[in-house]
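Worksheet: the structure to be examined is printed underneath.
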Amino acid sequence: MTSRPTVAIESEAQQIIDRYHEMSDLDLAAEAGKVCRQVHGEGVLLRGLIEFSNRCTRNCLYCGIRRGNHHVQRYSLSEAEIRESVRVGFQRGLRTFVLQGGEDPLWSTTDIARVVEWIKDYTCGEAAVTLSLGIKSRRCYALLRRAGADRYLLRFETSNPELHSYLRDGISLARRIEALKDLKDLEYETGTGYMVGLPGESEWTRVRNALLARELKADMVGIGPFLPHPQTPLAGSPQQPLSLTLRAVSLVRLLLPRCHMPATTAAGSLDPAGREKALSAGANVLMPNLTPTIYKADYQLYPGKICLDESGVKCIGCLSLRVKTVGRRLDFSIGAAL
Ligand code: 5AD
Ligand code: SF4
Ligand code: FES
5 MTSRPTVAIE
15 SEAQQIIDRY
25 HEMSDLDLAA
35 EAGKVCRQVH
45 GEGVLLRGLI
55 EFSNRCTRNC
65 LYCGIRRGNH
75 HVQRYSLSEA
85 EIRESVRVGF
95 QRGLRTFVLQ
105 GGEDPLWSTT
115 DIARVVEWIK
125 DYTCGEAAVT
135 LSLGIKSRRC
145 YALLRRAGAD
155 RYLLRFETSN
165 PELHSYLRDG
175 ISLARRIEAL
185 KDLKDLEYET
195 GTGYMVGLPG
205 ESEWTRVRNA
215 LLARELKADM
225 VGIGPFLPHP
235 QTPLAGSPQQ
245 PLSLTLRAVS
255 LVRLLLPRCH
265 MPATTAAGSL
275 DPAGREKALS
285 AGANVLMPNL
295 TPTIYKADYQ
305 LYPGKICLDE
315 SGVKCIGCLS
325 LRVKTVGRRL
335 DFSIGAAL
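The numbering of the sequence shown is the numbering used here, which starts it at 5 and goes up by one.
Here you go:
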């Protein structure tokens, strides 16, 4: 499955890509790390993640909580549990909360809007609310924006249109991009991103992924390794090395110097030092998981997920030590789009 260039690449991007092809992993990470420090300083922004529902009507081939995986114990946090997770994170100093869930129709848009309003009220507007709820209608996005949601995460997963429809059970890349454009129009700070090492992906796909993130003018770009989940149709796919993901992080840092990029939990799950390596390769965000620990094991999009037994607060302590090993420090500020 290959896809060909559809648009002429502008010359600045072309130069960056030419250099990317020539550079070793080490040199590329060093250059992207330098750009990251120049733009973002040495602070690593924190986002408190709340995985509030693992119910999903979709059946993405790669995903451990896909509809077809009947081994998963389905859960949804109550509104009281979400509020408690936010309280704990806010008291520990977090100023961004990410509400993430599967595409779960049992959570109505008005119910989510009520939670968003509560968070904005509780934090006196001092915290940003980020949503990650998949594709919704423009009307729903507008309603949630009016309720106070500031940001939205919607990875496009892969820029190869054929591969996208295949992996996402017929849903087109074009529909994903339309949703991202709706979010931009509604003035959400918009995050996208993709997995690296999907079966059927080529080096050209990875370059095209980075170019698409740039074309979309993404404020945030989440890039993580694809980890084959044993209870999915992609169980037998090979695990690609973390170095491919690190190169992708660096390329996006060079193409979009101002964007916020997490050192993903998936990177930390593939390699014990994966998040630190991603920070050194150009990432500037970490996402401690505030989901109550009793639910964490049931939200495994990929296998081997770390921090399942630790509370989010414990992880913040752990992360503050880890970032020091790569010459960085935690930054508890709201970290708006630049
Ligand atoms: N491996 C790595 N990342 C995955 N995601 C879903 N399934 C997997 C997997 N098997 C990622 C997708 C999704 C994000 C929330 O998790 O990119 O957008
Ligand atoms: Fe559902 Fe998202 Fe998993 Fe797809 S990737 S099955 S939409 S939770
Ligand atoms: Fe969770 Fe280290 S970051 S235990």
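Note that beta-carbon positions come from the ideal geometry of N, C-alpha and C, so glycine has one too.
In the structure shown, what three-state DSSP assignment does Gln104 receive?
Three-state result, Gln104: strand.
For a test of your reading of the model: does the CB of Met199 fall under 6 Å from any non-hydrogen atom of the ligand 5AD? Yes or no.
For the ligand 5AD, at least one heavy atom lies less than 6 Å from the Cβ of Met199.
Using C-beta distances below 7 Å, list every residue in its chain close to Ser241, excluding the 5 sequence neighbours before and after it, in chain order.
Closer than 7 Å at Cβ, skipping near neighbours: Pro203, Pro232.
Note down, in chain order, each residue of its chain lying with its Cβ closer than 6 Å to the Cβ of Leu103, except the 5 sequence neighbours on either side.
Excluding residues within five positions, the ones whose Cβ falls inside 6 Å are Ile54, Phe56, Leu135.
Does Gln304 pass the burial test, meaning 16 or more other C-beta atoms within 10 Å, or should it be called exposed?
Buried is the call here.
Using 6 Å as the cut-off, classify the Cβ of Ile298 as near or not near the heavy atoms of the ligand SF4, replying yes or no.
Checking the Cβ of Ile298 against the ligand SF4 gives no.
Under three-state DSSP, which class holds Gly47?
Reduced to three states, the DSSP call for Gly47 is strand.
Report the rounded CA-to-CA distance for Phe94 versus Arg23, giving the unit in angstroms.
Each residue's Cα considered, the two are about 42 Å apart.
Among the candidates Gly195, Ala117, Leu259, whose CA atom is the shortest distance from the CA of Ala341?
Minimum Cα distance to Ala341 is reached at Gly195.
Taking only heavy atoms of the ligand SF4 into account, decide whether any of them is closer than 6 Å to the Cβ of Arg70.
Yes, the ligand SF4 has a heavy atom inside 6 Å of this Cβ.
If you follow the beta strand (DSSP E) that Pro229 is part of, which residue opens it and which one closes it?
Counting along the chain, Pro229 sits inside the beta strand (DSSP E) bounded by residues 224 to 229.
Where does Glu161 land, buried or exposed, given buried means 16+ other C-beta within 10 angstroms?
Buried, since its Cβ has 16 or more Cβ neighbours within 10 Å.
Within a Cβ cutoff of 6 Å, which residues of the same chain sit near Ala146, ignoring the five residues on either side of it in sequence?
Once the five neighbours on either side are set aside, the close Cβ partners of Ala146 are Leu190.
Give me the Cα-Cα distance between Glu83 and Ile123, rounded to the nearest whole angstrom.
So the two alpha carbons sit approximately 11 Å from each other.
Can you tell me the Cα-Cα spacing of Leu238 and Asp125, whole angstroms?
Near 43 Å, if we compare the C-alpha coordinates of Asp125 and Leu238.
What does DSSP give as the partner residue(s) for Met199 in the beta ladder?
According to DSSP, which records beta bridges pairwise, Met199 is partnered with Gly228.
Taking the continuous alpha helix (DSSP H) assigned at Phe94, which residues delimit it?
Phe94 -> alpha helix (DSSP H) spans 83 to 95.
Measure the C-alpha to C-alpha separation of Leu49 and Lys221 and round it to an integer number of angstroms.
Taking the straight line joining both Cα atoms gives about 20 Å.
Cα-Cα separation between Gln243 and Thr249, rounded to whole angstroms:
CA-to-CA, the gap between Gln243 and Thr249 works out to about 12 Å.
Following a CB-centred definition, is Gly138 positioned closer than 6 Å to any heavy atom of the ligand SF4?
For Gly138, the shortest C-beta to heavy atom distance toward the ligand SF4 is below 6 Å.
Less than 7 Å between the C-beta atoms of Ala131 and Leu158, yes or no?
Cβ atoms of Ala131 and Leu158: not closer than 7 Å.
Given that a residue counts as buried once 16 or more other Cβ atoms are within 10 Å of its Cβ, and exposed if not, what is Lys318?
Exposed is the call here.
Determine the contact status of Arg59 and Arg78, defining contact as a CB-CB distance below 7 Å.
The answer is yes: Cβ separation under 7 Å.
By how many angstroms is the C-alpha of Cys144 removed from the C-alpha of Ala117?
Straight-line spacing of the CA atoms in Ala117 and Cys144 works out to 9 Å.
For Ala270, verify whether its CB is less than 6 Å away from any heavy atom of the ligand 5AD.
The answer is yes for Ala270.
Segments of 4+ residues assigned as alpha helix (DSSP H) that fall wholly inside the region 129 to 169:
At a cut-off of 4 residues, the continuous stretches assigned as alpha helix (DSSP H) that sit fully inside the region 129 to 169 are 142 to 150.
Give the C-beta separation of Cys263 and Met224 to the nearest angstrom, bearing in mind that I take them to be a contact with Cβ-Cβ under 8 Å.
Correct: roughly 6 Å between the Cβ atoms.
In angstroms with no decimal places, state the Cα-to-Cα distance between Ser15 and Asn213.
Near 17 Å, if we compare the C-alpha coordinates of Asn213 and Ser15.
Could you tell me which whole beta strand (DSSP E) segments of length 3 or greater appear in the region 212 to 293?
Counting only runs of 3 or more, we get 224 to 229.
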